[in-house]
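Take a look at the structure set out below.
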């Protein structure tokens, strides 16, 4: 059996955090609790979380909407966090694939506690790592530009596979290829529009913190 590579979301968050222009050291002193009780490697800004959710087509929603089972280890860490920050009005969120908010299924959930100034603290991560190819798989749904580029590439590939002389244009191969491409492009766009509307699909950047299915 072939072991396909996996993607660890926590490591991805750390990578995004390193590239972020957020001044964590400046912002942390605005928070109303002791920074010494927080581990900086578990502190993430909402913009970093948003980027990962968009890249991997994940949701970031209230814990009450989560249908999977939260392990005892996560509950234990949550109790420790509560004891360290007793005055904090705790608001919990989970980052996970959409199906985990509809079905009882495991696939790399992360439990966060909301702090202030757009920051969240990672309480616990459990389950399996995401497929290494998930980011590539959901790339077309990231935004409108990505889907248009993807549709154009698919149309070009199909056009290249179409036999010659289907759309004969006075012996001009360039015009013939272009006409064939436009015909296939319109067909592919129609398929994607039908697929999107019938299944209620939306772009990653619009659903990452949306609690509704469509």
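In the numbering used here, the protein residues as written are -2 to 211.
Note that CB positions come from ideal geometry on N, CA and C, so glycine has one too.
The structure presented is a predicted model; accordingly, all values stated were derived computationally and were not measured.
Residues bridged to residue i (per DSSP)
i           : result
residue 93  : 56
residue 108 : 91, 121
residue 177 : Its beta-bridge partners do not exist; DSSP assigns none.
residue 4   : 127
residue 191 : Bridge partners of residue 191: none, in fact.
residue 40  : 118
Burial state of residue i, where buried means 16 or more other Cβ atoms lie within 10 Å
i           : result
residue 191 : exposed
residue 63  : buried
residue 108 : buried
residue 120 : buried
residue 78  : buried
residue 207 : exposed
residue 58  : buried
residue 49  : buried
residue 94  : buried
residue 160 : exposed
Residue i and residue j closer than 7 Å at C-beta
i           : j           : result
residue 85  : residue 60  : no
residue 202 : residue 46  : no
residue 35  : residue 92  : no
residue 87  : residue 110 : yes
residue 40  : residue 118 : yes
residue 53  : residue 131 : yes
residue 171 : residue 148 : no
residue 140 : residue 189 : no
residue 115 : residue 13  : no
residue 143 : residue 136 : yes
Any non-hydrogen atom of the ligand PLP closer than 6 Å to residue i Cβ
i          : result
residue 81 : The ligand content of the structure shown is nil, which means the ligand PLP is not present either.
Distance between residue j and residue i (C-alpha atoms, nearest Å)
i           : j           : result
residue 113 : residue 5   : 26 Å
residue 205 : residue 96  : 13 Å
residue 146 : residue 176 : 19 Å
residue 158 : residue 180 : 14 Å
residue 138 : residue 2   : 22 Å
residue 129 : residue 174 : 36 Å
residue 178 : residue 16  : 39 Å
residue 123 : residue 106 : 6 Å
residue 82  : residue 74  : 12 Å
residue 37  : residue 187 : 48 Å
residue 193 : residue 133 : 19 Å
residue 241 : residue 76  : The requested residue 241 is not part of the displayed model; the chain covers only -2 to 211.
residue 169 : residue 198 : 40 Å
residue 26  : residue 72  : In this prediction, residue 26 has a pLDDT of 46, which is less than 50 and means its spatial position is unreliable; nothing more can be read from the coordinates.
residue 100 : residue 80  : Confidence is the limiting factor: at residue 100 the pLDDT is only 40, short of 50, which leaves the residue's position unreliable and the question unanswerable from this model.
inquiry  = Under 8 Å: do the region 141 to 156 and the region 67 to 83 share three or more Cβ pairs, one atom per stretch?
reply    = no
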